[in-house]
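Q: In full-length UniProt numbering, the protein residues as written are 1 to 147.
Note that CB positions come from ideal geometry on N, CA and C, so glycine has one too.
Being a predicted model, the structure only gives us computed values, none of them experimental.
Sharing a structure here in structure tokens format.
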């Protein structure tokens, strides 16, 4: 009887071992399946997505160049406007004109007669002002048909 019990116990432990091995094999198969999925996803990323990323990167470089050019253009326009404002201010000072708003304001004020100056004759010897060179947008922006 003892021998029979030992055989039954041995047989039970063999069955338990087989069951454990089968569970481990199932888990190994699942793990290998996951590794294959990861490998396939990685291959897809490398073969499909990476070239797309590289193309977009090239497009972005072009956009960055356009932004740099636009910034340079805005800076140049700002310098041009500042220079022109200086010239206008200088010419207004030489000619002696006041901006239109101030003229209207001063005309509407009631000034006592003793403060009014007799109108001074206009200066006849006005210098001929040279027009400043102004940038052309066509030099910086091509028409849509040429792009």
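Nearest CA to the CA of residue 141: which residue from 49, 59, 69, 17?
A: Nearest option by C-alpha distance: 69.
Q: Write down the C-beta distance between residue 135 and residue 76 rounded to the nearest angstrom, noting that I regard them as a contact closer than 8 Å.
A: Yes, residue 135 and residue 76 are in contact; Cβ-Cβ is about 7 Å, under 8 Å.
Q: Span of the alpha helix (DSSP H) holding residue 95?
A: From DSSP, the alpha helix (DSSP H) with residue 95 extends over 50 to 95.
Q: Please report the distance separating the alpha-carbon of residue 46 from that of residue 11.
A: Those two C-alpha atoms are separated by around 52 Å.
Q: Measuring only the C-alpha atoms, how far is residue 67 from residue 79?
A: Those two C-alpha atoms are separated by around 18 Å.
Q: In or out: residue 120 buried (at least 16 other Cβ within 10 Å) or exposed?
A: Because residue 120 sits at a pLDDT of 49, beneath the cut-off of 50, its placement in the model cannot be relied upon, and the point is left open.
Q: Taking all protein chains shown into account, decide if residue 32 is buried (16 or more other Cβ within 10 angstroms of its Cβ) or exposed.
A: Counting Cβ neighbours within 10 Å, residue 32 comes out exposed, since fewer than 16 surround it.
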